[in-house]
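This report refers to the structure that appears directly beneath it.
Number of protein chains: 2
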Amino acid sequence: MSNKKSLVYFQSGGPTAVINCSLYGVIKEAEKHPEIENIYGARYGVEGLIDDNLIDLRKQDPEQIELLKQTPGAILGSTRKKLPADDNPLFGKIIETIQKHNIGYVLVNGGNDSMDTCLRLSRFFEEKKMDVKVMGIPKTIDNDLEVTDHSLGYPSAALHIINTTKMIVEDAKAYKKGKIVLIEIMGRDTGWLTASVDLLPEDCRPDLIYVPEAKWNEEQFLQDVKAVYDKKGYAVCAVSEGMPVQHENAIEADAFGHKSMDGCCVTLAELVKNKLGIGSRSIELSIPERADPLFTTEIDQKEAIRCGVFALKSVLQGKTGYMVCLKRRPGTAYQSITFLSPVDQIADKTKQLPQEFLDDSKHMSKEFRAYIEPLLMVTKQRHIYEKNGIYKSARFSSI
Amino acid sequence: MSNKKSLVYFQSGGPTAVINCSLYGVIKEAEKHPEIENIYGARYGVEGLIDDNLIDLRKQDPEQIELLKQTPGAILGSTRKKLPADDNPLFGKIIETIQKHNIGYVLVNGGNDSMDTCLRLSRFFEEKKMDVKVMGIPKTIDNDLEVTDHSLGYPSAALHIINTTKMIVEDAKAYKKGKIVLIEIMGRDTGWLTASVDLLPEDCRPDLIYVPEAKWNEEQFLQDVKAVYDKKGYAVCAVSEGMPVQHENAIEADAFGHKSMDGCCVTLAELVKNKLGIGSRSIELSIPERADPLFTTEIDQKEAIRCGVFALKSVLQGKTGYMVCLKRRPGTAYQSITFLSPVDQIADKTKQLPQEFLDDSKHMSKEFRAYIEPLLMVTKQRHIYEKNGIYKSARFSSI
Numbered sequence: 001m002s003n004k005k006s007l008v009y010f011q012s013g014g015p016t017a018v019i020n021c022s023l024y025g026v027i028k029e030a031e032k033h034p035e036i037e038n039i040y041g042a043r044y045g046v047e048g049l050i051d052d053n054l055i056d057l058r059k060q061d062p063e064q065i066e067l068l069k070q071t072p073g074a075i076l077g078s079t080r081k082k083l084p085a086d087d088n089p090l091f092g093k094i095i096e097t098i099q100k101h102n103i104g105y106v107l108v109n110g111g112n113d114s115m116d117t118c119l120r121l122s123r124f125f126e127e128k129k130m131d132v133k134v135m136g137i138p139k140t141i142d143n144d145l146e147v148t149d150h151s152l153g154y155p156s157a158a159l160h161i162i163n164t165t166k167m168i169v170e171d172a173k174a175y176k177k178g179k180i181v182l183i184e185i186m187g188r189d190t191g192w193l194t195a196s197v198d199l200l201p202e203d204c205r206p207d208l209i210y211v212p213e214a215k216w217n218e219e220q221f222l223q224d225v226k227a228v229y230d231k232k233g234y235a236v237c238a239v240s241e242g243m244p245v246q247h248e249n250a251i252e253a254d255a256f257g258h259k260s261m262d263g264c265c266v267t268l269a270e271l272v273k274n275k276l277g278i279g280s281r282s283i284e285l286s287i288p289e290r291a292d293p294l295f296t297t298e299i300d301q302k303e304a305i306r307c308g309v310f311a312l313k314s315v316l317q318g319k320t321g322y323m324v325c326l327k328r329r330p331g332t333a334y335q336s337i338t339f340l341s342p343v344d345q346i347a348d349k350t351k352q353l354p355q356e357f358l359d360d361s362k363h364m365s366k367e368f369r370a371y372i373e374p375l376l377m378v379t380k381q382r383h384i385y386e387k388n389g390i391y392k393s394a395r396f397s398s399i
Numbered sequence: 001m002s003n004k005k006s007l008v009y010f011q012s013g014g015p016t017a018v019i020n021c022s023l024y025g026v027i028k029e030a031e032k033h034p035e036i037e038n039i040y041g042a043r044y045g046v047e048g049l050i051d052d053n054l055i056d057l058r059k060q061d062p063e064q065i066e067l068l069k070q071t072p073g074a075i076l077g078s079t080r081k082k083l084p085a086d087d088n089p090l091f092g093k094i095i096e097t098i099q100k101h102n103i104g105y106v107l108v109n110g111g112n113d114s115m116d117t118c119l120r121l122s123r124f125f126e127e128k129k130m131d132v133k134v135m136g137i138p139k140t141i142d143n144d145l146e147v148t149d150h151s152l153g154y155p156s157a158a159l160h161i162i163n164t165t166k167m168i169v170e171d172a173k174a175y176k177k178g179k180i181v182l183i184e185i186m187g188r189d190t191g192w193l194t195a196s197v198d199l200l201p202e203d204c205r206p207d208l209i210y211v212p213e214a215k216w217n218e219e220q221f222l223q224d225v226k227a228v229y230d231k232k233g234y235a236v237c238a239v240s241e242g243m244p245v246q247h248e249n250a251i252e253a254d255a256f257g258h259k260s261m262d263g264c265c266v267t268l269a270e271l272v273k274n275k276l277g278i279g280s281r282s283i284e285l286s287i288p289e290r291a292d293p294l295f296t297t298e299i300d301q302k303e304a305i306r307c308g309v310f311a312l313k314s315v316l317q318g319k320t321g322y323m324v325c326l327k328r329r330p331g332t333a334y335q336s337i338t339f340l341s342p343v344d345q346i347a348d349k350t351k352q353l354p355q356e357f358l359d360d361s362k363h364m365s366k367e368f369r370a371y372i373e374p375l376l377m378v379t380k381q382r383h384i385y386e387k388n389g390i391y392k393s394a395r396f397s398s399i
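Going down the list, the sequences are from chains F and U. Residues in the first sequence are numbered consecutively from 1, following the working numbering. Residues in the second sequence are numbered consecutively from 1, following the working numbering.
If you want it as structure tokens, here you go:
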């Protein structure tokens, strides 16, 4: 039996605009290593390992592999499954898949929940004395992973949010007597994404910014938003979806057991209408925040590829139980260094906006702007469209 | 007194991605005509004529004028004001503004409601034997203007919707057991915008398309969406905001007087959850549909400029009471001809999707696809961004 081992890569958690860029990096690097027997992608995250649902990545069309760089979603499929305790029969099924395909390397591309999968797999293989190396590649638009300077996918999501917010503000300014517009931005526990709109120039930025890390006070909100509206004839607020807005305060009908699907901005919009008597509009930026391949930033794309490459090189060197992280090189121009951090420092933890990034409800601090601005340059890559204006995306065979 | 007369241009109704392109065309053409005394823009549509709120367009920075081509919103401000009957004192104020500034030409850039303003102004000036020519420039993302082949702003809005829908579908496919996703698209009375998603390739298009012109049956909807879900593990529907969805069927609490701000897809999402017991998600594409300058199509931009130019040339030739329209030249490659139509054939009328464009609830007809496809090519213009990835937009002085 040869020393060759096979590689399996999988995607986990919510998609981002650049998760398929990391896959691109992994494939391109793996092709350079004859010591890798087969290059597999597992379908639907760890479920593919459990169900022996793998596809052969060497067999994919090179043109499709290039298109990964502008393909949103998780092309291999993703999962929100959390692994149970080690004695669960699922692990027996994982061992079967590993042995059947002679897998020696596992790459887990995901966020903080997915790093728990990465941690459990690496510990399990070590305990069982199986020669299988496991490595995490960071991915989450929320930017709430510990240790790493930022998460892959965050800069691109932020750029989508910033530009879309600018469009909404420019539209809102069209009427002499406008509305109070409430823009709901992803981030259940952290305000990293919402904070990004602070970068917009003064005349087309939201008037008020609400993140979970700052104090929330409904009366203060109503007072502030009214003050802006009275002065300008319209107002725009950027609001993290995780703001602790009291739904009951806004809609009496709730007492009758109506389970609302409304987000916090729908509630705030009703509050504004009922308490201030001012027309309001709630806009949830929603899925395109994490799925827009056309606002991929130059740095996000390059780093996503580089982290994929680095993860692969690391398992080939025998490393296991780490996640690839980024830190900034000292100096004025932005440059990042890739390094490894033990995944137990990251799994299931949440990094919030530090207090020095907060200013008041109208602005983030200049430290925050210095942090995010270098990450945002749009990619120089010319996007590839069909003749009818639809962006092209990759299609794999056997999917 | 010289024969020179001044020009006033204004914007009216909902903004589009290319309304400022028509303004660009008007300014560039007007600068070539020394017989025009002053080139004015009225702020907030006809309100600027009533309130004598005009700005001098000759005084604007040429770089800002170039940026109009990628500036969303209505840079001069817009209005939803409808003009009252002729004997209203407002008309006295309009006459004052007209005389004070020696205005001989009025260009109204708007949709079907705004063409009513165009009609009333042209009739009023004729009745009063005032030498003021009035001309409409078509603008509405809804594409529901009569006579013209299509409306300026429709192709760009459609391209935004098609691409954003593709992103949402690619994201929705990521999970083995996904959701029923309901995408709400603008169009209260017509399905032109919603229909556009039919162009997407089979593997990333909505499974079901609902437009107001087709029959709506709630039971059928539930049956169809369940069939798709059972087969694929997820389903995506594109739904016109104007679908006659019965809110009461979905949320009992309504009987208690809760005035909901929910759109039809929020209602459908609750219906799916309650009646089918399947997870659902409502996504309203909202304001960016009409305000995304980055999906401006080549033809929409060029035609918006050309219609502005043509409107100006027409009033200079003494024409009044018309709207500029487009028709296709016969032949295979798309080319359009500009012509004038009396504005009373257009004002306050609504053009629906013709029956031959409808197929079944899963597809539009090939005639529809042949109609829309040539309009959609993305602009070759390279968009201009700030270094931090934010698209640039025009800023006028005195605004």
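Quick reminder that beta carbons are idealized off the backbone N, C-alpha and C, glycines included. In this text, all values refer to a predicted model and were calculated from it rather than measured experimentally.
Proximity test, Cβ basis, 8 Å: residue i and chain B
i, result
"Asn3 of chain F", "Reference to chain B is not applicable here, since the protein chains of this structure are F and U."
Contact set between residue i and chain U, taken where Cβ atoms lie within less than 8 Å
i, result
"Leu200 of chain F", "Ile390"
"Arg290 of chain F", "Asp171"
"Tyr44 of chain F", "Tyr175, Lys176"
For residue i, three-class secondary structure by DSSP
i, result
"Glu146 of chain F", "coil"
"Asp51 of chain F", "coil"
"Leu232 of chain U", "Before going on, a small fix: residue 232 of chain U reads as Lys here, not Leu. It is helical."
"Leu376 of chain U", "coil"
"Thr267 of chain F", "helix"
"Thr350 of chain F", "coil"
"Val18 of chain U", "coil"
"Thr332 of chain F", "coil"
Cut-off 6 Å between Cβ atoms - residues of its own chain near residue i, not counting five sequence neighbours on either side
i, result
"Ala74 of chain U", "Gln11, Pro15, Ile19"
"Tyr371 of chain F", "none"
"Thr97 of chain U", "Leu49, Asp52"
Contacts around residue i, its chain only, beta-carbon distance under 8 Å, and the 5 residues preceding and following it disregarded
i, result
"Lys273 of chain U", "Gly279, Ser280"
"Ala85 of chain F", "none"
Beta-carbon neighbours of residue i, restricted to chain F and to distances below 9 Å
i, result
"Thr296 of chain U", "Those do not exist, as Thr296 of chain U stays about 10 Å from chain F at its closest Cβ, beyond 9 Å."
Close Cβ partners of residue i (< 7 Å) along its chain, the five nearest in sequence each way excluded
i, result
"Lys177 of chain U", "Gly233"
"Tyr385 of chain F", "Tyr391, Lys392"
"Ser365 of chain F", "Glu356, Phe357, Leu358, Asp359"
"Thr379 of chain F", "Thr296, Thr297, Glu298, Gln301"
"Leu376 of chain F", "Pro155, Ala158, Leu159, Thr297"
"Val134 of chain U", "Val106, Val108, Cys118, Leu121, Ser122, Phe125, Thr320, Gly321"
Cβ of residue i within 8 Å of any chain U Cβ
i, result
"Met243 of chain F", "no"
"Gly73 of chain F", "yes"
"Gly77 of chain F", "yes"
8 Å Cβ cutoff, residue i in contact with chain F
i, result
"Asn143 of chain U", "no"
"Thr140 of chain U", "no"
"Ile162 of chain U", "yes"
"Ile283 of chain U", "yes"
"Ser286 of chain U", "yes"
"Tyr334 of chain U", "no"
Candidates the options: closest to residue i by CA position
i, options, result
"Val8 of chain F", "F:Gln355, F:Leu312, F:Met364", "F:Leu312"
"Lys327 of chain F", "F:Ser341, F:Gly321, F:Ser314", "F:Ser341"
"Thr117 of chain U", "U:Ile137, U:Pro62, U:Asp131", "U:Ile137"
"Leu276 of chain U", "U:Glu31, U:Gln99, U:Asp224, U:Gly242", "U:Asp224"
"Ser6 of chain F", "F:Ile103, F:Leu193, F:Pro206, F:Pro374", "F:Ile103"
"Ile180 of chain F", "F:Thr140, F:Val132, F:Asp230", "F:Asp230"
"Lys4 of chain F", "F:Ile337, F:Tyr175, F:Asp292, F:Ile36", "F:Ile36"
"Ile55 of chain U", "U:His101, U:Lys93, U:Pro89", "U:His101"
Within chain U, the residues that residue i reaches when beta carbons sit closer than 7 Å
i, result
"Leu376 of chain F", "Asn388, Gly389"
"Ser393 of chain F", "Glu170"
Within chain F, the residues that residue i reaches when beta carbons sit closer than 8 Å
i, result
"Arg166 of chain U", "Reading the sequence as shown, one finds Lys at residue 166 of chain U and not Arg. Ile390, Tyr391, Ser393, listed in chain order."
"Glu373 of chain U", "Asn388"
Chain F contact residues for residue i, given Cβ-Cβ distances below 7 Å
i, result
"Leu159 of chain U", "Gly389"
"Ala174 of chain U", "Pro15, Gly73, Ala74, Gly77, Ser78"
"Glu126 of chain U", "Those within 7 Å of Glu126 of chain U in chain F number zero; the least Cβ separation is about 29 Å."
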